[in-house]
Structure formats: structure tokens, C-alpha cells
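**Q**
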Amino acid sequence: MADFLLTDAADEELLSDAADERTHHFILQEDGGRLDKTLAALMSGTTRSYLQKLIEQGAVTVNGRPADKKTKVAAGDAIAVTLPELRKLEILPENIPLDIAYEDSDLLVVNKPKGMVVHPAAGHDTGTLVNALLYHCGDSLSGINGVERPGIVHRIDMMTSGLLIVAKNDFAHQSLAAQIKAHSFTRRYEAVVTGNFKEDSGTVDAPIGRHPNDRKKMAVTEKNSRHAVTHYEVLQRFGGMNGESSYTHLRLTLETGRTHQIRVHMAYLGHPVVCDPVYGGGRQQFSCCEGQCLHAREIAFVHPRDGRIVSLTSPLPDYFNAVLHKLASRAE
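Shown next, in the form of C-alpha cells:
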């Protein structure tokens, strides 16, 4: 994908009437191909399907004229994307307590509990993190991902616990999403997986896409997939004794952030995350752990406003410590 330049409206006569802060302007430095694909690269953290809807609604112009998603854009083209206003009443604020690890005027980092859905979806209209954020932040959330995902820069699964960053404005959202795309945003997890790793550390570099036979699952596949890289490091091994199964406590660092990436990569290696209901790692021995034993432990990023490094660590939750305790006591 070509390099792009985000311009300030004051710098271009063509953009001189752009007073609406919901409108984002881009000048292409090189040919970019299809409009929807180009926008997906420009606006990291925004889904391509959402951008296609904006194009269909006439909210995207190329050189001042509405364009089709298949429109080919070239060097020198001026693209304007006007984001819709957040409709305040479609998702109701709910007074749900938040475990806030960090907060300022641009962003906040929450420690999401296991079982909480990040944003409303089919079957989860209330009780989500977004409902809680709307109550806590009011109108101070970025609008880049639309009314259903205000402020959401990245996600973690419902049954995964841990740190998640939320943007309070589009400036912060764009900066954080760009860091994630450039792999400079650190996301480090811990997990307990089945089996024993021979190596103390390693890397899984295997593309992830939709499972060919089950659309609800992801899989390592070459077809319609995206590049995915996970680095792992062994923290502790719990060897099988007296015929019992072995387990490994891992630290995992995401280089990319695909759907279910860690869970899919571990299952691909033959070491599914303990208690994972989708990819294996049965929970028969761990009644203390409902859902995968996976915790978003650390994040680190450059603050969008002042450039300082923000590094945060979340303590292991009770369910995770209970699994470790059970494995440790079994070995005694």
C-alpha cells in the first residue's frame, strides 16, 4: 500500500471550507487503488465494511465529488470522509462500574472483566463495555467506528480479561490505531495452554482467516486470510505426573491483532488455551475457569498528545490464579 499524507485543511485551497471536525481529509502521495481499500489503510482501526457504508451514503468524496467504493484513486487526489454524528439514544448509557487503569482527557485504559462484551451485538444489547463508557464519558468518545463502537480502538474477546484502550476523541483514535498498525503498540498477554513446549520461546507466523467449514470460527488458512504473528515465551511448565496431562504458562506478544489470534495460533500448534470453548483445551479439570484462560496483561504506547510512553500492567485475575494454584498444588 502506498504512503499517504494527512493534510490540515488550512494547507490546501481545495479544503479551505472544511470547518467540520467530523470530516477527515487526505491527499494521496501515490496511487492507491480502490477507494475502499485505500481508506481502510488510511483510517486504521476502522472496518472496511463500515467505510463502504459511508461511501454508499455519499459521505466520502474524491476531489469534491461523491465516489463509488470501486473508484480508483491516484496520486494527488483529495479524499474527504465525513463521519456521522453519534446518535445518542440508540445505545443507552448504563451505570456499570469500570476498573480504570489510566485516564486523561484523550483516552482511558480499562481492565475488562471476563464475561463482558466490548460493544453491542446480536444477543448482547446491554451490559457491554460501550454502555458503561457512554455513562462514564458522556459525549467524550471518538466517533471513527460509528455509533455502535464509540471510542473502541481495539477489542478483546468476551471471555478474555484484561487491558483495553479507549479513545475519547478522533485525534487520539487515529494516533493509537496508527501505532497498532505499525506494530509499535505493545499488547502482551498471559495464558495457560495444554501440553508442554519444548522451546523456551518462539514465534508463530501463520495467516488467519475464516474457518472454511465453520463461519463462527477462525483458522490458520491461506485462503482469504491476513498475515498474523504471535511471539511466545514460557513462564512455567507443569509437567504431567502419574499419567496426568501437562500444561504451560505462557507470555504472548501480539505483533498483529487478528480475530481470536492467540487462541487460533495456540490451537494450530497443538496447545489450545485451557478452557477455550471454541478451539479446545477442555475445562473438565478447571471448574474455576469458565472461558479461555487468557488475560491481556500489559499494554504500552506513545501518548498521542505529548509523546510520552505509557506502560500499564494488569494483575492476574482470580480465575487465572486459581488455575495456576491448581496446577502447582497438583505437582506437590
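For the sequence shown, the residue numbers in my numbering are -15 to 316.
Just so it is clear, CB atoms sit at the ideal spot from N, CA and C, and this is done for glycine as well.
In chain order, which continuous runs of the beta strand (DSSP E) of length 3 or greater are located wholly inside the region 127 to 185?
**A** 145 to 151, 170 to 178
**Q** Pull up the distance between the alpha-carbon of Asn47 and that of Cys273, whole angstroms please.
**A** Going by the C-alpha atoms only, they are around 55 Å apart.
**Q** Would you call Gln245 buried or exposed, if buried means 16 or more other Cβ atoms sit within 10 Å of its Cβ?
**A** buried
**Q** Is Ser298 helix, strand or coil by DSSP?
**A** coil
**Q** How is the alpha helix (DSSP H) around Leu38 delimited, first residue to last?
**A** Taken as a continuous stretch (DSSP letters only), the alpha helix (DSSP H) holding Leu38 covers 32 to 40.
**Q** Going by the CB atoms, is the gap between Arg139 and Thr237 shorter than 7 Å?
**A** Not closer than 7 Å, so no.
**Q** Could I get the ranges of all uninterrupted alpha helix (DSSP H) runs contained in the region 37 to 121, with 4 residues as the minimum, in chain order?
**A** Listed in chain order, the complete alpha helix (DSSP H) runs (minimum 4 residues) inside the region 37 to 121 are 113 to 121.
**Q** Are Phe285 and Gln158 closer than 7 Å when you measure CB to CB?
**A** The answer is no: Cβ separation not under 7 Å.
**Q** Tell me, which residues are paired with His9 by DSSP?
**A** DSSP output for His9 lists Ala64 as bridge partner(s).
**Q** Alpha carbon to alpha carbon, how far is Glu206 from Val176? Give it in angstroms, no decimals.
**A** 27 Å
**Q** List the endpoints of the continuous alpha helix (DSSP H) containing Gln269.
**A** From DSSP, Gln269 is part of no alpha helix (DSSP H); its letter is neither H nor E.
**Q** Rounding to the nearest angstrom, what Cα-Cα distance links Arg41 and Ala51 in this structure?
**A** Before going further, note that residue 41 is Gln rather than Arg in the sequence given. Using only the alpha carbons, I get a separation of about 10 Å.
**Q** Apart from the five residues on each side of it in sequence, which residues of its chain come closer than 6 Å, Cβ to Cβ, to Val213?
**A** Asp189, Glu239, Thr240
**Q** Can you determine whether any heavy atom of the ligand PLP sits closer than 6 Å to the C-beta of Val177, and answer yes or no?
**A** As for the ligand PLP, it is missing from this structure, which has no ligand bound.
**Q** Take Lys72 and list the residues in its own chain whose beta-carbon comes closer than 7 Å to its own, dropping the five residues that flank it on each side.
**A** Here Lys72 scores only 48 on pLDDT, less than 50, and its place in the model is too uncertain to base an answer on.
**Q** Which value, in whole angstroms, describes the spacing of the CA atoms of His249 and Leu278?
**A** 13 Å
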